[in-house]
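Have a look at the structure below before the remarks.
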Amino acid sequence: MALFDIPTTRTTREDDAALLKKMNKKVKAPSVVRGGNDISTKISTIKAMVETHLGKFRDEYIIIQDEETLHSYIDASIKTGVLSVDTETTGLDPLQDDLVGVCIYTEGEKAAYIPVGHKSYITGQLSKNQLSLETVGKEFSRIVNGVKIIMFNAAFDMRFIKNHLGVELICDWDCYLASRLLNENEPSKGLKALHKKYILRGEEDAFKFDDLFKGMNFAFVPVNTAYLYAAHDAIITYELYKYQLPFLSPDNVECKTRGLTDVAWVFHNIEMPCVKVVADMEDTGVAFDLYYAAQLKEKYSVLIDEKQKEVYKLIDMYRDEIEKYCIKTTNNKLDDPINIDSPTQLAILLYDIIGVKSVDKKSPRGTGEDILKKIDLPVCNAILEYRAYKKLMSTYIDKLPECVNKKDGRIHCKFNQYGADTGRFSSQDPNLQNIPSHNKDIRKMFVASPGYVLMSADYSQQEPKAMTMMCGDPKMIDAYKHGKDLYAEIAALSFNTTYENCLEFRPDGTTNPEGKNRRSQAKSILLGVLYGRGVPSIAEQLGTTTNKAQAIKDSVFKGFPAIEQFEQDSLQMAEDLGYVTTLWGRKRRLPDMQLPDYEFTWKDGVAPDDDPLNFDDEEEEMAEVPDELIHRYLKKLRSTWGSKKIDIFQEANAEGVWIVDNTKKKADAQRQCVNARIQGSAADMSKLAMIKIGNDPRLKELGFRMLIPVHDEIIAECPKENAKEASERFSQLMSEAPGEKFTIPINCDVEITEQWYGERVEV
DNA sequence: CAGCTATGCGCC
DNA sequence: AAAGGGCGCATAGCTG
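According to the working numbering, the residues represented by the first sequence are 77 to 839, in order.
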């Protein structure tokens, strides 16, 4: 159900403002819960649970309800110089939800909870004995300089504190980011889970917020209960910090001996400075054109309808076969009509009813894009077109307008600055890093603020350039230094021809198909190495045979031995150390690289000739499979592949030997070795650029602000009158970001528009 | 009903 | 014999 009606016409931006106001009104739910019976039961339960599990801390934590106590607590934190901070809120949106309380802890004091937004669930009124936001803000402003601030997921708390207390408290140690740098494979992602694992060593059970308060407004939890839970968070954040501290302190022996010096550098010089930049981007958001979105919705619903009709018309050609099938198989999963959004039903239609032969061995009943393209039936092609429209509609055209913040009409997504294990950002709610770019319509929903222009700057060939620097090949470096096209240069030197013969266009402007072909072959090989892509797959992309692709790859490796060397070095590094590193020293741990290809154990942990009644073999010492047997099987396995391997596993199984096959895991890890170094280095570089840009005083004066990082690209906006100077500075800072690590030129084109991907604007 | 996985597809 | 790195999200279909 729509919360409001999208207008079909628009005259001015003021209409948008009115529209938002209208939305606001309808959205406002009664803030006072009638009766409150449910809620009071829930609160009683919470009270009891908190008392049982956290009651023991009742005297160890305090509630701060007067200014003097807060003042002296802040004094104490100024003395210790370190303060952990955690916020309690009514929700996850720092712009639309409220601050309920702040917890702080400094060594030598009891953990303290400062309630500011607790309310009566009956009257909806603010509870008594709470400090005002102003007072807390005033006290917090005393620690913006000189006190080291510890948080977990700092951008979140920093935003709530900035937006509700009016203080820019900048975090110095984000335990989440520290944890990601220390082990990006760590399965425990949350504060409680990490604390339980590393501080309590798994001894105690920790409450997560949702365990206790799911479906509950934290503002309604009585202060006397809330403080036990909340203050606990400030303590465990601090304890986690103390645990992490030595590992990420460059002078500490723990840091040095564990090879974390560079990782610590990345933490202090890339990740932590990036937090404020991220918090600012999330607060800024990006302007959105609701009217245009409504127009797109009309346009695409028509297209979807037409395509859907076409699909069903084509399916109807098979109606006799469908009927036959339905009679034959009474218990099939087909809806009437067939749901073409269901891969299950579509597979039945294609493979069982129409009788299409599988085109992909890996997924014989697949209905993905590649497979449907290969099948190349009119139905399949129509379905693909239908799916393309449908995807745009559901994921973008329908979804994005719902994400518009009712207060400011902008979309504020959440960036996870260590979202990918390689160090890349990710974005969610909504994901602004996968807005369609091929399609010319969708991105235009994103617009500049009134009076502003959008600026997008992207690194050209960021990853190939990172690869060039990391493998240090002089010919590649030279190509970039002389402003040549790298792929053409690689093609020229690998295929023993001239550079000009490897370009798509001749100097006179006519096209050169052979040149284009050579260039794209070189490109496929280089990017193939970068992605760990196999030769047959490259062959498929180039439309040639595996043998020919292999020959092309050999030529490129011969012409550029540094590329092959880099690949070998990266594999070797991971095998020896268990991790690879980026240009700036971030690590990507790939423990699977150190696995043996196969592992052998006795089935059930017992050798077949063991006497089950003999208990003299103390302490379940796992009997080992004799080397001789292992060698016999290894020899067999290494000269066999594919489905025949299964026969060998079964043969071993019959003998009581259990074989674990790690070869798939290892192959996966091998592909990641090169890619993680390149992708990670590129991510480091992009973050350095964001920090430079975010802290540039001149850009700030010009009213420039970053909006969205898209891996090798930054979208920003700036008042139109300052656009010229800002764009030049923007581009320059991007180019300078990698510093002396890059000895090749980096140029960044800045596009200035009013809509994302719209027409260029002259400034 | 929520929560999970599988499949499919948007981006770099 | 096969053979593509890194994300988040929508939908279907199953489970508790």
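For glycine and all other residues, C-beta sits at the position ideal for the given N, C-alpha and C.
C-beta contact flag for residue i and residue j at 7 Å
i	j	result
isoleucine 473	tyrosine 368	no
alanine 728	isoleucine 735	yes
asparagine 798	leucine 783	no
phenylalanine 343	leucine 245	no
alanine 598	isoleucine 639	no
aspartate 534	aspartate 327	no
tyrosine 149	alanine 310	no
threonine 658	glycine 548	no
leucine 175	phenylalanine 236	yes
glutamate 869	threonine 156	Examination of residue 869 is not possible in this model, given that the chain is present from 77 through 839 alone.
proline 612	threonine 621	no
methionine 543	isoleucine 822	no
tyrosine 712	isoleucine 724	Note on identity: in this sequence residue 712 is lysine, with tyrosine being the wrong assignment. In this structure, isoleucine 724 lies closer than 7 Å to lysine 712 by Cβ.
valine 826	methionine 469	no
cysteine 578	glycine 591	yes
Length of the line joining the Cα atoms of residue i and residue j
i	j	result
proline 322	alanine 187	23 Å
glutamate 539	threonine 333	31 Å
lysine 98	glutamine 371	Bear in mind that a pLDDT of 37 at lysine 98, under 50, signals an unreliable position, so the number given afterwards is only what the model happens to contain. In a straight line, the C-alpha of lysine 98 is about 19 Å away from that of glutamine 371.
glutamate 374	isoleucine 226	49 Å
glutamate 616	lysine 433	20 Å
lysine 284	isoleucine 518	39 Å
arginine 664	glycine 654	9 Å
proline 170	cysteine 247	16 Å
serine 325	alanine 802	37 Å
lysine 516	proline 785	20 Å
glycine 495	lysine 265	11 Å
methionine 125	phenylalanine 491	34 Å
isoleucine 767	arginine 662	17 Å
glycine 770	proline 349	10 Å
lysine 272	threonine 313	11 Å
asparagine 572	alanine 555	16 Å
aspartate 286	proline 413	41 Å
glycine 112	lysine 118	Residue placement at glycine 112 cannot be trusted, given a pLDDT of 45 that sits under 50; the coordinates are not used to answer.
arginine 277	serine 255	16 Å
aspartate 92	aspartate 484	Here aspartate 92 scores only 40 on pLDDT, less than 50, and its place in the model should not be relied on; the value that follows carries that caveat. Going by the C-alpha atoms only, they are around 10 Å apart.
Residues that DSSP places opposite residue i in a beta bridge
i	result
arginine 665	Tyr655
arginine 676	According to the sequence displayed, residue 676 carries phenylalanine and not arginine. According to DSSP, phenylalanine 676 bridges with Ile735.
asparagine 492	Ser502
glutamine 384	BP columns for glutamine 384 are empty, so no partner.
lysine 796	Per DSSP, none; premise fails for lysine 796.
alanine 533	Ile790, Val826
tryptophan 249	Ile226
threonine 877	The question about residue 877 has no answer here: the residues shown for the chain are numbered 77 through 839.
glutamine 831	Val523
threonine 587	Phe581
valine 354	According to DSSP, which records beta bridges pairwise, valine 354 is partnered with nothing at all.
phenylalanine 133	Partner(s): none; phenylalanine 133 has no beta bridge.
Assumed close pair residue i, residue j - CB separation to whole angstroms, cut-off 8 Å
i	j	result
leucine 207	valine 192	6 Å
glutamate 870	valine 750	Nothing about residue 870 can be read from this structure; the chain reaches only from 77 to 839.
leucine 841	isoleucine 416	Limits of the chain in this structure are 77 at one end and 839 at the other, which puts residue 841 out of reach.
tyrosine 197	tyrosine 137	23 Å between Cβ atoms; not a contact.
isoleucine 487	valine 362	5 Å
glutamate 835	serine 525	Not quite, the Cβ-Cβ distance comes to about 18 Å (not below 8 Å), so this is no contact.
serine 631	serine 570	4 Å
Residue burial classification, residue i (beta-carbon count within 10 angstroms, cutoff 16)
i	result
glutamine 320	buried
phenylalanine 581	exposed
proline 454	exposed
glutamine 504	exposed
glutamine 726	exposed
glutamine 201	exposed
lysine 121	The question names lysine, but residue 121 is threonine in the sequence shown. The residue is exposed, with fewer than 16 neighbouring Cβ atoms inside 10 Å.
methionine 234	buried
tryptophan 660	buried
arginine 395	exposed
threonine 163	buried
cysteine 824	buried
threonine 443	buried
aspartate 365	buried
leucine 168	exposed
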